[in-house]
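Take a look at the structure below.
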Amino acid sequence: MKKALILLNMGGPNNLSEVEVFLKNMFNDPFILGVKSDFWRSVLAALIVKSRTASARSNYEKLGGRSPICSITEALCERVNLLARAKFGAGLKFEGAADAGAANESPQSIPTQSEALQNEAPQDEKPIDELICDYAMNYTPPFAEDVFKKYADFDEIILMPLYPHFSKTTVQSSLCSAEAALKRLGIKNYKIVDIFYDSAAYNEILLNLITECISKFSADEISQISLIFSAHSLPVKMIAAGDPYEAQVEAHVEILKDLLAARGIKFKEIILAYQSRLGPVKWLEPNVADVLRDLQSKKALIFPIAFCVDNSETDFELDIFYRAQARELGYEYYEVCKCPNSREDFAKFILAQAL
Numbered sequence: 006m007k008k009a010l011i012l013l014n015m016g017g018p019n020n021l022s023e024v025e026v027f028l029k030n031m032f033n034d035p036f037i038l039g040v041k042s043d044f045w046r047s048v049l050a051a052l053i054v055k056s057r058t059a060s061a062r063s064n065y066e067k068l069g070g071r072s073p074i075c076s077i078t079e080a081l082c083e084r085v086n087l088l089a090r091a092k093f094g095a096g097l098k099f100e101g102a103a104d105a106g107a108a109n110e111s112p113q114s115i116p117t118q119s120e121a122l123q124n125e126a127p128q129d130e131k132p133i134d135e136l137i138c139d140y141a142m143n144y145t146p147p148f149a150e151d152v153f154k155k156y157a158d159f160d161e162i163i164l165m166p167l168y169p170h171f172s173k174t175t176v177q178s179s180l181c182s183a184e185a186a187l188k189r190l191g192i193k194n195y196k197i198v199d200i201f202y203d204s205a206a207y208n209e210i211l212l213n214l215i216t217e218c219i220s221k222f223s224a225d226e227i228s229q230i231s232l233i234f235s236a237h238s239l240p241v242k243m244i245a246a247g248d249p250y251e252a253q254v255e256a257h258v259e260i261l262k263d264l265l266a267a268r269g270i271k272f273k274e275i276i277l278a279y280q281s282r283l284g285p286v287k288w289l290e291p292n293v294a295d296v297l298r299d300l301q302s303k304k305a306l307i308f309p310i311a312f313c314v315d316n317s318e319t320d321f322e323l324d325i326f327y328r329a330q331a332r333e334l335g336y337e338y339y340e341v342c343k344c345p346n347s348r349e350d351f352a353k354f355i356l357a358q359a360l
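Residue numbering for the sequence shown follows our numbering, beginning at 6 and increasing consecutively.
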């Protein structure tokens, strides 16, 4: 049985010429703006894109001229494929769309067969003899239809949105685009991986990331640091309309608080804050900027709880923009944890979703 595990994410500009394309596609997404009329949504999107393109280009220039999201996601796929080849033998050669070497994290050891996952295939399913992991983006290349064409003869396609929490603006939007592409290609045999914010295996990875960030500190020093879980904000009206995102993020923070306590890790305080609000409507609060302003300790560890892969909102907004604000506020310590990215433990977690 041949399976293709396709990771879905929002995407980001692979170069400065894609900045406008990224913004145009994102703000024309009905799940983002929520304007029912295609015509009026396109008009509003055009105004937003015109007003934001220059500043967005400037931000991406500070990141080397592109978003890190595609290169890191490609590196993640490569690592999953190494694990899959160790388990199932030689498979297809992965041909991604971005330069995996550009991922902004330290290289890790190549897994051996003994380190690969050893899960058995379910008895009611044919054994897997080939599995490949690839990725598709919603707003920039590689787009879903182009990716799915490569696996049209596979027995099953597995869709995994790389968002731990459900929101119409992320998971539903990505799945809607992906399922439309599958329908156009006549591919009917596929399944969807559920959200995973409450997964014990996933949260173990997050705890490892946090503890690695604070490994240089004593328990007394950690007790003087505020841990801020930062999540992408949403307009309050979307939550009022039934989007479960806020409730799931809050539940996730409580899970992580309990796990940190079980490990005996005690921060000065643990706070949930939101980032990336846009426009005059009311957004989820508190905002990261306000939390940083009000913290008395002036020592903060930021953890981007809503992302699995680093992108402009982690690498620019949190690590550059808010770091500058923290410096102006006199912070003694300000650090942003990396997302799981292409870590081996995260690759193993992802592979397990296909087994």
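Backbone N, C-alpha and C define an ideal beta-carbon position, used for all residues, glycine too.
Next item on the list: Report yes if the CB atom of residue 54 is closer than 7 Å to the CB atom of residue 21, and no otherwise.
Entry: no
Next item on the list: Determine, using beta carbons only, whether residue 74 and residue 346 come nearer to each other than 7 Å.
Entry: Taking 7 Å as the Cβ cut-off, residue 74 and residue 346 do not qualify as a contacting pair.
Note to self: Contact between the stretch 160 to 178 and the stretch 34 to 43 is defined here as three or more beta-carbon pairs at a separation below 8 Å; is this criterion met?
What the structure shows: Counting Cβ pairs under 8 Å, three or more are found: they touch.
Next item on the list: With a 10 Å radius around its C-beta and 16 neighbouring C-beta atoms as the bar for buried, classify residue 306 as buried or exposed.
Entry: By the neighbour-count rule (16 or more Cβ atoms within 10 Å), residue 306 is buried.
Margin query: Taking the beta carbon of residue 24 as the centre, do at least 16 other beta carbons fall within 10 Å, making it buried, or is it exposed?
Written below: buried
Note to self: Can you look up residue 243 in the DSSP assignment and give me helix, strand or coil?
What the structure shows: helix
Item checked: Distance CB(residue 14)-CB(residue 167) smaller than 7 Å -> It is a contact, given that the beta carbons lie within the stated cut-off.
Note to self: Quick check on DSSP: helix, strand or coil for residue 142?
What the structure shows: Here residue 142 sits in strand by DSSP.
Margin query: Report the start-end ranges of each beta strand (DSSP E) in the stretch 156 to 228 that is 3 residues or longer and not cut off at the edges.
Written below: 161 to 166, 195 to 197
Note to self: Closest to residue 61 by C-alpha separation, out of 86, 281, 216, 332, would be which residue?
What the structure shows: 281
Item checked: Cβ-based burial, residue 335 [other Cβ within 10 Å; buried from 16] -> exposed
Check: From residue 292 to residue 278, what does the alpha carbon distance come to, in whole angstroms?
Finding: Residue 292 and residue 278: Cα-Cα distance of roughly 5 Å.
Check: residue 158: which of 192, 172, 140 sits nearest, CA to CA?
Finding: 192
Next item on the list: Buried or exposed for residue 72, please, with buried defined as at least 16 other CB atoms from any protein chain shown within 10 angstroms of its CB.
Entry: buried
Item checked: Supposed contact pair residue 203 and residue 260 - C-beta distance, whole angstroms, cut 8 Å -> 6 Å
Next item on the list: Would you mind sorting residue 319 into buried or exposed? The rule is 16 or more other CB atoms within 10 Å of its CB.
Entry: buried
Next item on the list: Kindly indicate if chain C contains any beta-carbon less than 7 Å away from that of residue 30.
Entry: Chain labels in this structure do not include chain C; a single protein chain is all it has.
Item checked: Exposed unless 16 or more other CB atoms sit within 10 angstroms - verdict on residue 4 -> Limits of the chain in this structure are 6 at one end and 360 at the other, which puts residue 4 out of reach.
Check: In or out: residue 247 buried (at least 16 other Cβ within 10 Å) or exposed?
Finding: exposed
Check: Distance, Cα to Cα, residue 328 vs residue 249?
Finding: 30 Å
Check: What separation, rounded to the nearest whole angstrom, lies between the Cα atoms of residue 165 and residue 9?
Finding: 11 Å
Item checked: Reference residue 76, options 241, 173, 147, closest by Cα -> 147
Check: Assuming residue 80 and residue 356 make a contact with CB atoms under 8 Å, what is their CB distance in whole Å?
Finding: That pair is no contact at about 15 Å.
Next item on the list: Ignore the nearest five residues each way along the sequence and tell me which others in residue 321's own chain have a CB closer than 7 Å to its CB.
Entry: 64, 67, 68
Check: Taking residue 304 as the reference, which of 230, 296, 254 has the closest Cα?
Finding: 230
Check: With a Cβ-Cβ cutoff of 7 Å, do residue 162 and residue 140 count as a contact?
Finding: no
Margin query: So, for residue 197: in the same chain, excluding its five sequence neighbours on each side, which residues have a beta-carbon less than 7 Å away from its beta-carbon?
Written below: 164, 180
Checklist line | Simplified DSSP assignment, three categories, for residue 11 | finding: Secondary structure at residue 11: strand, using DSSP grouped into helix, strand and coil.
Next item on the list: Figure out for me which residue from 183, 160, 134, 171 has the closest Cα to the Cα of residue 150.
Entry: Nearest of 183, 160, 134, 171 to residue 150, Cα basis: 183.
Item checked: Nearest-angstrom Cβ-Cβ length linking residue 308 and residue 239, presumed shorter than 8 Å -> That belief does not hold up - the Cβ atoms of residue 308 and residue 239 are roughly 19 Å apart, past 8 Å.
Check: Exposed or buried, what is residue 56 when buried is set at 16 or more other beta-carbons lying within 10 Å of its beta-carbon?
Finding: exposed
Notebook entry, point to check: In or out: residue 173 buried (at least 16 other Cβ within 10 Å) or exposed?
Noted result: buried
Checklist line | Where residue 216 falls, given that 16 or more other Cβ within 10 Å makes a residue buried | finding: Taking all protein chains in view, the Cβ of residue 216 is surrounded by fewer than 16 other Cβ atoms within 10 Å, so the residue is classified as exposed.
Note to self: If I follow the unbroken alpha helix (DSSP H) through residue 277, where does it start and stop?
What the structure shows: That residue, residue 277, is in no alpha helix (DSSP H); its beta strand (DSSP E) goes 274 to 280.
Next item on the list: Note down, in chain order, each residue of its chain lying with its Cβ closer than 8 Å to the Cβ of residue 41, except the 5 sequence neighbours on either side.
Entry: 35
Check: Should residue 323 and residue 341 be called a contact, given that it needs their Cβ atoms to be closer than 7 Å?
Finding: yes
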